[in-house]
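Reading through the structure tokens given below for one structure.
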Amino acid sequence: MAPQRCRMAVASLLLSLALAGCGGSSVEDELAESEEVLRESRAEVREARDAVREKQEALETAREELDQVRSALGEAEARLAQAESEVDLQATDALLFRGIQRKLLDAKRLAHVAIRVDVQKGVVTMYGTVPDAETRDAALEIARGFPGVASVNDRIDVSGEGAGAT
124 MAPQRCRMAV ASLLLSLALA GCGGSSVEDE LAESEEVLRE SRAEVREARD AVREKQEALE
184 TAREELDQVR SALGEAEARL AQAESEVDLQ ATDALLFRGI QRKLLDAKRL AHVAIRVDVQ
244 KGVVTMYGTV PDAETRDAAL EIARGFPGVA SVNDRIDVSG EGAGAT
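If you're matching positions, the sequence shown starts at 124 in this note's numbering and goes up one per residue.
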């Protein structure tokens, strides 16, 4: 906008000079008026440059703050992902535990035995005492066949013979 005013001032000066030659107002008056317009235009340009510089500084500050906030967001998202992973793991272990326990309780062959199940990170460990190897194998098969089980540790005693093989 300021360069346009400068052009207007120059055009005004030229017009004044032309009119002065045609008997218009004095050249000195026109020149003084044009110089005033030129001074005002220069002041406006300085003000505009100062305003631009000020806004650029504010923009840089805002960008730095944005980078800091983005970094904090990234850290918070990483903590959230870790917490969700831990919750999912616990929920998965709890679901595995309940599902396997339910299948063991529903199995007619296992109705007269007590088998305890522990689940940690998808690994099932089974404890208890059963009358024979077939009953133990049936319990282990239920756990091994359950979706999401990583492995099964056998700690089931057969009629007091000691812990079975893993």
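In this text, a Cβ means the ideal position worked out from N, Cα and C, and glycines have one as well.
Model, not experiment: these values are computed from the prediction.
| Query | Result |
| --- | --- |
| For Gly251: DSSP bridge partner residues | Ile238, Ile279 |
| Residue range of the unbroken alpha helix (DSSP H) whose run includes Ala273 | No alpha helix (DSSP H) holds Ala273; DSSP gives it neither H nor E. |
| contact_flag[the stretch 220-236, the stretch 259-267] where n(CB pairs < 8 Å) is 3 or more | yes |
| The ligand COA heavy atom lying under 7 Å from the CB of Ala181 | Among the components modelled here there is no ligand, and therefore nothing to report on the ligand COA. |
| Arg165 versus Leu196: straight-line alpha-carbon distance, rounded | 46 Å |
| Status (buried if at least 16 other CB within 10 Å, exposed otherwise) for Ala286 | Confidence at Ala286 is low in this model, with a pLDDT of 47, below 50, so its placement is unreliable and the value that follows should be read with caution. Result: exposed. |
| Euclidean distance between Cα positions of Val168 and Glu156 | 18 Å |
| Boundaries (first-last residue) of the alpha helix (DSSP H) holding Leu263 | 256-267 |
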